[in-house]
Structure formats: structure tokens, C-alpha cells
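Asks: Per numbering that gives the first Met the number 0, the sequence shown starts with residue 0, numbered consecutively.
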Amino acid sequence: MLEDHARLMAFFEQAQEVVGRKRLQKMVYILKKCGFDFSERYSFHFYGPYSEELSTRIEELCNLGFLDEAKEKEKGYYQYRYHLTDRGAGFLSESGVTTPNMDSVIQKMDEQSSKFLELVSTMLYFDNFSKEEIEDKVRTVKSQQNYTEADFEEAWRFISDMKH
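1. Which residue's Cα is closest to the Cα of residue 6: 127, 22 and 31?
2. Could you pull the start and end residues of the alpha helix (DSSP H) that residue 248 belongs to?
3. By DSSP, does residue 73 sit in helix, in strand, or in coil?
4. Looking at the unbroken alpha helix (DSSP H) that takes in residue 124, where does it start and where does it end?
5. Use the C-beta contact count for residue 121: other C-beta atoms within 10 angstroms, 16 or more gives buried, fewer gives exposed.
6. Less than 7 Å between the CB of residue 134 and some heavy atom of the ligand FAD, yes or no?
7. Can you tell me where the beta strand (DSSP E) with residue 49 in it begins and where it stops?
8. For residue 117, does the count of other Cβ atoms within 10 angstroms reach 16, so buried, or fall short, so exposed?
9. Just list the residues that DSSP pairs residue 137 with in beta bridges.
10. I need the straight-line Cα distance from residue 96 to residue 90, nearest angstrom please.
11. Which partner residues does residue 80 have in the DSSP bridge list?
12. If you check the beta carbons only, do residue 13 and residue 101 fall under 8 Å apart?
13. Among the candidates 62, 143 and 112, whose CA atom is the shortest distance from the CA of residue 157?
14. Got a sec, what are the start and stop residues for the beta strand (DSSP E) residue 151 sits in?
15. Going by beta-carbon coordinates alone, are residue 63 and residue 83 separated by less than 8 Å?
16. Between the Cα of residue 53 and the Cα atoms of 114, 138, 135 and 27, which residue gives the shortest distance?
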């Protein structure tokens, strides 16, 4: 159990800060689909892949004082900022859990918008289908996003880069 929590803390240690719950969900899902060892199960939700397990683990880490969650008012809605606390970093270093370096993958995701990460994670959710079927499914379930051909091309390049 604590290994799963430690993996998440290692993610936060390497990311330094994650802004937004939706962004957090997408980043962990993309890392999981790229072969990093995250055990959270995902289902399809309003904004693409979503894990209740991840939300619960984040809440537990906050309650333990290992993760800091700052709630900020942003143009009529609340946005959340997450970072590993000193207590969390100390626990992680003593846990003995070894985690791979995710820095380069995290950095590539940090350079992207949440909307783009939502597209990528949704495409990865349907990765058992053909390229054309994936794009059709995304256009159906994400019709309100109005993704363009250029968006899909950029997402396919991003996915290819992330998996190598």
C-alpha cells in the first residue's frame, strides 16, 4: 500500500509542483500509459480518464502532511496547487522505494496545456483501437472541445515522443 503512495510522492518530488486536479489526473495517467509503475485504476469521466483511487491517495497524503494542497480562487472557480512537503520528502527518502526518473516526461507534459493533456490522455484511453477509430471516438466523446486535425497530429507526435 505505502509503495503506491511513495510512487506518487516521487512523482511530486520530480514535478516540484502540479497546478490543477484535472492536470494531475492526466499527468499520472499519461505516465502510467508510458510504462511507469502507477497502480491506480482509471475509468472514463467528463474530462477523460479519471481515477478515484488517485484522488483518495492524494487526500491521504495531504492528511498525513506529506503533500501540500493549496486552494486558490481563480476567475470564479477554485484551482489547486500540489507540492511535496519536507515531511513527505523525508518519508520518501526513508521509504526505500526506488522509482525511475520521470523528469524528462514530466517536463514535456508541463510544457502543454491541460486541454492538450486531456486530448492525449483520452486518446491513450482508447489505445486498443486503430488510429482512425481513436480519433472518431475522441471526436464523439469530446465534441465540445472541437479538436482539429492539427491537434490530433500534435497529440500523435507527443504520444510517440513520450513512449520512446
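Virtual Cβ for every residue (Gly too), placed ideally from N, Cα, C. Since the model is a prediction, treat every value here as computed from it, not as a measurement.
Replies: Once the coordinates are examined:
1. 31
2. With the chain running from 0 to 163 in the structure shown, residue 248 is simply not present.
3. strand
4. 113 to 124
5. buried
6. No copy of the ligand FAD occurs in the structure displayed, which carries no ligand at all.
7. 47 to 49
8. buried
9. Answer is none; residue 137 lacks a bridge partner.
10. 10 Å
11. 18 and 69
12. yes
13. 112
14. Residue 151 -> not in any beta strand (DSSP E); alpha helix (DSSP H) instead, spanning 148 to 161.
15. no
16. 27
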